[in-house]
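Engineer: One structure is given below, represented as structure tokens, and several questions about it will come after.
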Amino acid sequence: MTTTEDRPTTAAAPLVPGRVPWRFRVFSGVRRPRTLLVLLACAAVLLFASAVNLGRGDFPIGLGDVLATLFGAGDPSQQFIVLELRLPRSLTGALVGGALAVSGAILQSIARNPLASPDIIGISWGASAAAVFVIVLGGGVSAVGGSFAAVGLPIAALAGGLVSATAIYALAWRRGVQGYRLVLVGIGINAVLVAAVNWLLTVAQIYQAAQAQVWLNGSLNARSWDDVIPVSIALVVLVPLAMILAFVLGGLQYGDDTARGLGIRVNGARTALLLVSVGLASVATAAAGPIAFVALVSPQLAQRLCRTPSPPLGVSLVLGAALVVVSDVIARTAFGGTELPVGIVTAVLGAPYLMFLLARHRREARS
Amino acid sequence: MRRRRLVGLAALFASLVLAVLASIAIGTKVIPFGEVWSALFSPTGTENDIVVNSLRIPRTVLGVLVGAALGLAGALVQGFTRNPLGDPGLLGVNAGAAFFVVVGIYIFGVTSLLGYVWFAFAGALVASVVVFSLGARGRGGATPVTLALSGAAVAFLLGALTSSIILIDSATLDAYRFWNVGSLAGRDAAVAGQVVWFIVVGALLALFSAPALNALSLGEDVAASLGHSVRRTRTVGILAITLLAGAATAACGPIVFLGLIVPHVVRAFTGPDYRWLLPASALSGAVLLLGADVIGRVVARPGELQVGIVVALIGAPFFIALIRRKKLAQV
Numbered sequence: 010m011t012t013t014e015d016r017p018t019t020a021a022a023p024l025v026p027g028r029v030p031w032r033f034r035v036f037s038g039v040r041r042p043r044t045l046l047v048l049l050a051c052a053a054v055l056l057f058a059s060a061v062n063l064g065r066g067d068f069p070i071g072l073g074d075v076l077a078t079l080f081g082a083g084d085p086s087q088q089f090i091v092l093e094l095r096l097p098r099s100l101t102g103a104l105v106g107g108a109l110a111v112s113g114a115i116l117q118s119i120a121r122n123p124l125a126s127p128d129i130i131g132i133s134w135g136a137s138a139a140a141v142f143v144i145v146l147g148g149g150v151s152a153v154g155g156s157f158a159a160v161g162l163p164i165a166a167l168a169g170g171l172v173s174a175t176a177i178y179a180l181a182w183r184r185g186v187q188g189y190r191l192v193l194v195g196i197g198i199n200a201v202l203v204a205a206v207n208w209l210l211t212v213a214q215i216y217q218a219a220q221a222q223v224w225l226n227g228s229l230n231a232r233s234w235d236d237v238i239p240v241s242i243a244l245v246v247l248v249p250l251a252m253i254l255a256f257v258l259g260g261l262q263y264g265d266d267t268a269r270g271l272g273i274r275v276n277g278a279r280t281a282l283l284l285v286s287v288g289l290a291s292v293a294t295a296a297a298g299p300i301a302f303v304a305l306v307s308p309q310l311a312q313r314l315c316r317t318p319s320p321p322l323g324v325s326l327v328l329g330a331a332l333v334v335v336s337d338v339i340a341r342t343a344f345g346g347t348e349l350p351v352g353i354v355t356a357v358l359g360a361p362y363l364m365f366l367l368a369r370h371r372r373e374a375r376s
Numbered sequence: 008m009r010r011r012r013l014v015g016l017a018a019l020f021a022s023l024v025l026a027v028l029a030s031i032a033i034g035t036k037v038i039p040f041g042e043v044w045s046a047l048f049s050p051t052g053t054e055n056d057i058v059v060n061s062l063r064i065p066r067t068v069l070g071v072l073v074g075a076a077l078g079l080a081g082a083l084v085q086g087f088t089r090n091p092l093g094d095p096g097l098l099g100v101n102a103g104a105a106f107f108v109v110v111g112i113y114i115f116g117v118t119s120l121l122g123y124v125w126f127a128f129a130g131a132l133v134a135s136v137v138v139f140s141l142g143a144r145g146r147g148g149a150t151p152v153t154l155a156l157s158g159a160a161v162a163f164l165l166g167a168l169t170s171s172i173i174l175i176d177s178a179t180l181d182a183y184r185f186w187n188v189g190s191l192a193g194r195d196a197a198v199a200g201q202v203v204w205f206i207v208v209g210a211l212l213a214l215f216s217a218p219a220l221n222a223l224s225l226g227e228d229v230a231a232s233l234g235h236s237v238r239r240t241r242t243v244g245i246l247a248i249t250l251l252a253g254a255a256t257a258a259c260g261p262i263v264f265l266g267l268i269v270p271h272v273v274r275a276f277t278g279p280d281y282r283w284l285l286p287a288s289a290l291s292g293a294v295l296l297l298g299a300d301v302i303g304r305v306v307a308r309p310g311e312l313q314v315g316i317v318v319a320l321i322g323a324p325f326f327i328a329l330i331r332r333k334k335l336a337q338v
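If you read the protein sequences in the order shown, they are chains A and B. Every number in our numbering is 9 more than the matching position in the first sequence, counting from 1. Every number in our numbering is 7 more than the matching position in the second sequence, counting from 1.
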């Protein structure tokens, strides 16, 4: 009679050379030193870029002074500039980047489609349509247009993102949600939202259209602690949840039947993951506008850098954060006095890199 | 099947005739049908005659051309990329056209729709060539995933460049935002004259590549073993898509969704055979665009809703219903 003690329990010889397995209760996986290395490298870039970002501006502050100010030293003016003006901006950027990247990583894994990102399937555009609606029609309707827009914009964007995501999910539901149908329905909803935004831009006054255009490109300008708090709450709550559910992601990538065979409750898992993804993308978009490309490219980059079979969540998070902060440094300084929205830089940086990866790793991209 | 296809084509043709008549007769200014008739066949130079002959007829002709071009382009994109989500916009055509139009406005001071056409066309051409050459690097050539990804990358890049120009200069934004919604309004006969030959050549190339597309839909290896040169077929297809989508976007601005939805609808009665799918897509593209344009003129009187917006508004529910109703036909 065989007892459990007879089975080889410890990590004996790995089935694949170089892939050392680990197990903790129900969680299991493979030790990936490469992933850890990439994670550390991305974190280093993020910290360095943040420090540079805190130092640059109309009143340049040296790297040493920045660090000193962060740890409580520095004179009052430096404290004000670093802690009240620049730190919230950098933090918003990093948090938004991380949230978008994780959101994209989850969507790409459950849809099994590298194009599934919040920008493509209509969540970001739902938020954008609501925001542009407030910018264009809010001012004209109420006398307190300016302050109404300032308070109402993130809330409207959040509501818009959630409503469009709910609509997409409800419309894609048919005895469960298939990744493919989700992307298709998302594209359908997206088309309507894009048309709505374009129409709103034609009926707007030109200064409103210009303001909407800044928002539509994703901007970190004048972000305060009020913008940092909601995004950090969302990240603190949702990312650990995503990490736990990521265990399920590993099974979903092989298809529904295999996943069911592995004992995963496919629809429940997918619904929970979608909710996490939508929550992250909506909060991020509400805080900084739809910053292009971060959600699409960060998971793809992370996956290729780590050579994992699906986008790794942790690395995506740090990579997305680093991407946005680096882009913000460039957006603020590259054009002298003119400050560009950060989303333009993320797109200009991210797009050629995706092309380069496509050209170089075409074998992987083909699968 | 053959009977269903013939009935389907005949119904599409009848709808096109109806749509053309509606497009000529219905507009912001109400003109009785009798006067439309006399304006067409015995014009005497009254105000109504001028409205019909110099505004509505060019607009209708352009609508038919552009709708057919977009329908064909959509079917071709879906066939060549073997991707049911295929849309000319996916391959960067819209983004390329938009970027060049903005450059035309900002740097060269172009102000007329007639002037935009050449910039838009050049942009569409450059973008689709870049997307395809990028996606086709390597031995296997362009595959659905690499094409879609390189299309997205190019579209993002061009979109960002477009945005940076219109953020710097609000006068450019002011001109661009009216082009960007996609509209048939205000185009005179010269615009149709500029794009018609590109569309005709593109349509001929498209129809000739139908048998090769049928073979390609069985897979590249099968197509090659049936004696089709995959590379040559793709080159012809890319040329056709570029001509059709580029000319349509140049004339009307980016109209999203038409190229995506038309082949899905048409496939319901033609099946996957491209010899039927392509002509049917052209017909129903024209019907859909004209119909949307007429609706846009009626619902927002005395103004009008741009056709690009109407297409998206009526196309989306239809498309979603189609996705939900059945398993999508394989491309």
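Cβ coordinates follow ideal geometry from the N, Cα and C atoms, glycine included.
1. Kindly indicate the opening and closing residues of the beta strand (DSSP E) around Pro39 (chain B).
2. So with CB distances below 8 Å, who are the chain B contacts of Asn230 (chain A)?
3. Determine the extent of the beta strand (DSSP E) in which Gly30 (chain A) is found, giving its start and end residues.
4. Roughly how many angstroms separate the alpha carbons of Ala114 (chain A) and Phe163 (chain B), rounded to a whole number?
5. To the nearest angstrom, how far is the alpha carbon of Ser49 (chain B) from that of Gly130 (chain B)?
6. Can Leu191 (chain A) and Arg331 (chain B) be called in contact, C-beta distance under 9 Å?
7. If I measure Cβ to Cβ from Leu19 (chain B) and keep anything under 7 Å in the same chain, skipping five residues before and after, which residues do I get?
8. Please classify Ala82 (chain A) as buried or exposed, where buried requires at least 16 other C-beta atoms within 10 Å of its C-beta.
9. Which complete alpha helix (DSSP H) runs does the stretch 86–145 of chain A hold, if anything under 4 residues is left out?
10. Under 9 Å between C-beta atoms, does Phe185 (chain B) make it to chain D?
11. Hey, out of B:Val237, B:Leu223 and B:Ser22, whose CA is closest to Val71 (chain B)'s CA?
12. Just to confirm before moving on: does the CB-CB distance between Val161 (chain B) and Ala127 (chain B) stay below 9 Å?
13. Where does Glu54 (chain B) land, buried or exposed, given buried means 16+ other C-beta within 10 angstroms?
14. Between A:Val141, A:Ser286 and A:Leu305, which has its C-alpha nearest Pro123 (chain A)'s C-alpha?
15. Give me the Cα-Cα distance between Ala152 (chain A) and Ala140 (chain A), rounded to the nearest whole angstrom.
16. Mind checking whether Ala80 (chain B) and Ala255 (chain B) have CB atoms under 9 Å apart?
17. Whole angstroms is fine: what's the gap from Ala168 (chain A)'s alpha carbon to Ile215 (chain A)'s?
18. Ignoring anything shorter than 4 residues, give me the alpha helix (DSSP H) runs that lie fully in the stretch 64–113 of chain B, in order along the chain.
19. Taking CB distances under 9 Å as the criterion, tell me whether Gly322 (chain B) reaches chain A.
20. Over what stretch of residues does the alpha helix (DSSP H) that includes His235 (chain B) continue unbroken?
21. With distances taken Cα to Cα, identify the nearest neighbour of Gly298 (chain B) among B:Ala105, B:Gly315 and B:Gly122.
22. Here's a check: name, in chain order, each residue in its chain whose Cβ is nearer than 7 Å to the Cβ of Thr169 (chain B), leaving out the five neighbours to either side.
23. Whose CA, out of A:Gly323, A:Ser86 and A:Leu76, lies closest to the CA of Pro109 (chain A)?
24. Taking only beta-carbon positions, decide if Pro123 (chain A) is within less than 9 Å of chain B.
25. Identify which residue in A:Ala340, A:Val105, A:Ser133 and A:Thr211 has its Cα closest to the Cα of Ala174 (chain A).
26. Note down the Cα distance separating Leu55 (chain A) from Ala331 (chain A), rounded to an integer number of angstroms.
27. Under 8 Å, CB to CB, which of the residues in the stretch 262–273 of chain B have a partner in chain A?
28. Please compile the residues from chain A whose C-beta is within a distance smaller than 8 Å of the C-beta of Gly166 (chain B).
29. Against chain A, with Cβ distances strictly below 9 Å, would Phe326 (chain B) count as a contact?
30. What does Met364 (chain A) touch in chain B if you count any residue whose Cβ is under 7 Å from its own?
31. Starting from the beta carbon of Leu296 (chain B), find every residue of chain A whose beta carbon is closer than 9 Å, and list them in chain order.
32. Name the residue from B:Leu246, B:Tyr123, B:Val137 and B:Phe264 whose alpha carbon lies nearest to the alpha carbon of Gly74 (chain B).
33. Given that Arg183 (chain A) touches chain B, what residues does it touch there, using C-beta distances under 7 Å?
34. Identify the continuous alpha helix (DSSP H) that holds Glu348 (chain A) and give its terminal residues.
35. If Arg12 (chain B) and Trp283 (chain B) are in contact, beta carbons under 8 Å, what's the gap, nearest whole angstrom?
Structural biologist: Per the coordinate set shown:
1. Against the second sequence, residue 39 (chain B) aligns to sequence position 32. No beta strand (DSSP E) contains Pro39 (chain B), which DSSP labels as neither H nor E.
2. Translated into positions along the first sequence, residue 230 (chain A) becomes position 221. What Asn230 (chain A) touches in chain B: nothing, since even the nearest Cβ is about 12 Å away.
3. Numbered from 1 along the first sequence, position 21 holds the residue referred to as residue 30 (chain A). It is worth fixing the name first, because residue 30 (chain A) is Pro in this sequence and not Gly. From DSSP, the beta strand (DSSP E) with Pro30 (chain A) extends over Val29 to Phe33.
4. On the first sequence, residue 114 (chain A) is found 105 positions in, with the first residue counted as 1. On the second sequence, residue 163 (chain B) is found 156 positions in, with the first residue counted as 1. So the two alpha carbons sit approximately 19 Å from each other.
5. Along the second sequence, one-based indexing puts residue 49 (chain B) at 42. Along the second sequence, one-based indexing puts residue 130 (chain B) at 123. Going by the C-alpha atoms only, they are around 42 Å apart.
6. Position 182 of the first sequence, counted from the first residue, corresponds to residue 191 (chain A). Position 324 of the second sequence, counted from the first residue, corresponds to residue 331 (chain B). No.
7. In the second sequence, residue 19 (chain B) corresponds to position 12, counting from 1. Ala287, Leu290, Ser291 and Val294.
8. Position 73 of the first sequence, counted from the first residue, corresponds to residue 82 (chain A). Exposed: under 16 other Cβ atoms inside 10 Å.
9. 96–120 and 132–142
10. This model lacks chain D altogether, as its protein chains are A and B.
11. Counting from one through the second sequence, the residue named residue 71 (chain B) turns up at place 64. Checked all of B:Val237, B:Leu223 and B:Ser22; the closest Cα to Val71 (chain B) is B:Ser22.
12. For the purposes of this step, residue 161 (chain B) is taken as residue 154 along the second sequence, with counting starting at 1. For the purposes of this step, residue 127 (chain B) is taken as residue 120 along the second sequence, with counting starting at 1. Their beta carbons are not under 9 Å apart, which means Val161 (chain B) does not touch Ala127 (chain B) by this criterion.
13. As a working note, residue 54 (chain B) is residue 47 in the second sequence. Flag for Glu54 (chain B) reads exposed.
14. Working through the first sequence from its first residue, we reach residue 123 (chain A) at position 114. Taking only the C-alpha atoms, the option nearest Pro123 (chain A) is A:Leu305.
15. Residue numbering aside, residue 152 (chain A) sits at position 143 when the first sequence is read from its first letter. Residue numbering aside, residue 140 (chain A) sits at position 131 when the first sequence is read from its first letter. At Ala152 (chain A), the pLDDT of 38 sits below 50, so the modelled position is not reliable and the matter cannot be decided from this model.
16. As a working mapping, residue 80 (chain B) is identified with position 73 in the second sequence. As a working mapping, residue 255 (chain B) is identified with position 248 in the second sequence. Their beta carbons are under 9 Å apart, which means Ala80 (chain B) touches Ala255 (chain B) by this criterion.
17. Here residue 168 (chain A) refers to the residue found at position 159 when the first sequence is read from its first residue. Here residue 215 (chain A) refers to the residue found at position 206 when the first sequence is read from its first residue. Cα to Cα, Ala168 (chain A) sits roughly 26 Å from Ile215 (chain A).
18. 64–87 and 100–113
19. If you number the second sequence from 1, residue 322 (chain B) lands on position 315. Yes, Gly322 (chain B) counts as interfacial toward chain A.
20. Here residue 235 (chain B) corresponds to residue number 228 of the second sequence, with the count starting at 1. Neither: His235 (chain B) is in no alpha helix (DSSP H) and is coded neither H nor E.
21. On the second sequence, residue 298 (chain B) is found 291 positions in, with the first residue counted as 1. The shortest Cα separation from Gly298 (chain B) among B:Ala105, B:Gly315 and B:Gly122 belongs to B:Gly315.
22. For the purposes of this step, residue 169 (chain B) is identified with residue 162 of the second sequence, where counting begins at 1. Excluding sequence neighbours, Thr169 (chain B) sits near Ala105, Phe106 and Val109.
23. Sequence index remark: in the first sequence, residue 109 (chain A) carries index 100 (1-based). The identity of residue 109 (chain A) in the sequence shown is Leu, whereas the question assumes Pro. Measuring from the Cα of Leu109 (chain A), the nearest candidate turns out to be A:Gly323.
24. If you number the first sequence from 1, residue 123 (chain A) lands on position 114. By this cut-off, Pro123 (chain A) is an interface position.
25. Sequence index remark: in the first sequence, residue 174 (chain A) carries index 165 (1-based). Out of A:Ala340, A:Val105, A:Ser133 and A:Thr211, A:Ser133 has the C-alpha closest to the C-alpha of Ala174 (chain A).
26. By one-based count along the first sequence, residue 55 (chain A) stands at place 46. By one-based count along the first sequence, residue 331 (chain A) stands at place 322. The straight-line gap from Cα to Cα measures roughly 4 Å.
27. Val263, Phe264 and Leu267
28. Position 159 of the second sequence holds residue 166 (chain B). Going along chain A in sequence order, the residues near Gly166 (chain B) (Cβ under 8 Å) are Ala301 and Ala356.
29. By one-based count along the second sequence, residue 326 (chain B) stands at place 319. Yes, its Cβ sits closer than 9 Å to a Cβ of chain A.
30. Counting from one through the first sequence, the residue named residue 364 (chain A) turns up at place 355. Leu141, Ser157 and Ala160, listed in chain order.
31. On the second sequence, residue 296 (chain B) is found 289 positions in, with the first residue counted as 1. The contacting residues do not exist; Leu296 (chain B) stays about 14 Å from chain A at best.
32. Translated into positions along the second sequence, residue 74 (chain B) becomes position 67. Answer by Cα proximity: B:Phe264.
33. Here residue 183 (chain A) is taken as the residue at index 174 of the first sequence, counted from 1. What Arg183 (chain A) touches in chain B: Arg331.
34. One-based indexing of the first sequence puts residue 348 (chain A) at position 339. No alpha helix (DSSP H) holds Glu348 (chain A); DSSP gives it neither H nor E.
35. To locate residue 12 (chain B), count along the second sequence from 1; it is residue 5. To locate residue 283 (chain B), count along the second sequence from 1; it is residue 276. Correct: roughly 5 Å between the Cβ atoms.
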